[in-house]
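Have a look at the structure below, then the notes.
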Amino acid sequence: MGKKKNGPPAAASRPAPGDIDQLIHERLRLGIVCALAVHESLTFTELRDLLQTTDGNLSVQARKLEEAGYVTCMKRFEARKPKTTYKLAAKGRAALEDYLKTLSEMLPPLEQLRHAARSDSRDGLFSRRPLPSEG
Numbered sequence: 025m026g027k028k029k030n031g032p033p034a035a036a037s038r039p040a041p042g043d044i045d046q047l048i049h050e051r052l053r054l055g056i057v058c059a060l061a062v063h064e065s066l067t068f069t070e071l072r073d074l075l076q077t078t079d080g081n082l083s084v085q086a087r088k089l090e091e092a093g094y095v096t097c098m099k100r101f102e103a104r105k106p107k108t109t110y111k112l113a114a115k116g117r118a119a120l121e122d123y124l125k126t127l128s129e130m131l132p133p134l135e136q137l138r139h140a141a142r143s144d145s146r147d148g149l150f151s152r153r154p155l156p157s158e159g
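Just so you know, we're using my numbering here: the sequence shown kicks off at 25 and counts up by one.
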C-alpha cells in the first residue's frame, strides 16, 4: 500500500469562490441584508431609498430573501396606506456572518498577491504606465 498524498493544508482549508452564499452575494440582496444587520428594522421605502433601487427590483430581491428565511416581512396599514417593514431573521444574520467569514478566509491569498505586486513594482512589472490619452 502506498502513502496517501495530501495537498497543501492551507490551500485545502481555504474556501473556493463557489463556497460563497450566492443568495447573499448578489449586490442588492447583500445591501438589504447588511442594512438590516445595522438597523433593527427598515420600511420598504427606507430600504429603497437607502439602496437607490426601484420598487420592483427591491420587491423581487426582498422576496427571495424572505423565501429563504433570511428576512421577515410585516405588512400593515397606516393611515389607509400599506406599510411594509423588514427585519433580519436569525437565519439571515447567521448567513451574513458565514458569508463575511468566507470572504475573510479568501483574503489572505489576495494580500499575498498584493505584497508580491509591491515587491515586483521595483522591476516595473506593476508600475503605472501612461494611458494612450495621456500622450
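By construction, the Cβ of each residue, glycine as well, lies at the ideal position given by its N, Cα and C atoms.
| message | Restricting to runs no shorter than 3 residues, where is the beta strand (DSSP E) found entirely within the stretch 68–125? | response | Within the stretch 68–125, the runs of beta strand (DSSP E) that reach at least 3 residues and sit entirely inside it are, in chain order, 95–102, 105–112.
| What number of angstroms, rounded off, separates the C-alpha of Leu137 from the C-alpha of Met130? | Within the sequence shown, the letter at position 113 stands for residue 137. Within the sequence shown, the letter at position 106 stands for residue 130. About 12 Å.
| query | Can Ile44 and Tyr123 be called in contact, C-beta distance under 9 Å? | reply | One-based indexing of the sequence shown puts residue 44 at position 20. One-based indexing of the sequence shown puts residue 123 at position 99. Against a cut-off of 9 Å, the Cβ pair of Tyr123 and Ile44 comes out as a contact.
| Expected contact under 8 Å - CB spacing of Ala113 and Thr96 to nearest Å | Within the sequence shown, the letter at position 89 stands for residue 113. Within the sequence shown, the letter at position 72 stands for residue 96. Contact between Ala113 and Thr96 is confirmed by a C-beta separation of about 5 Å, below the 8 Å threshold.
| request: Tell me Leu66's beta-bridge partners as DSSP assigns them. | output: Mapped onto the sequence shown, residue 66 falls at position 42. Looking at the DSSP assignment, Leu66 forms a beta bridge with Tyr110.
| Under a three-way DSSP split, which group does Glu129 fall into? | Against the sequence shown, residue 129 aligns to sequence position 105. It is helical.
| Should Gly80 go down as buried or exposed, given a rule of 16 or more other Cβ atoms within 10 Å for buried? | Stepping through the sequence shown from its first residue, residue 80 is reached at position 56. Counting C-beta atoms within 10 angstroms of its own C-beta, Gly80 has fewer than 16 neighbours from the protein chains shown and is therefore classed as exposed.
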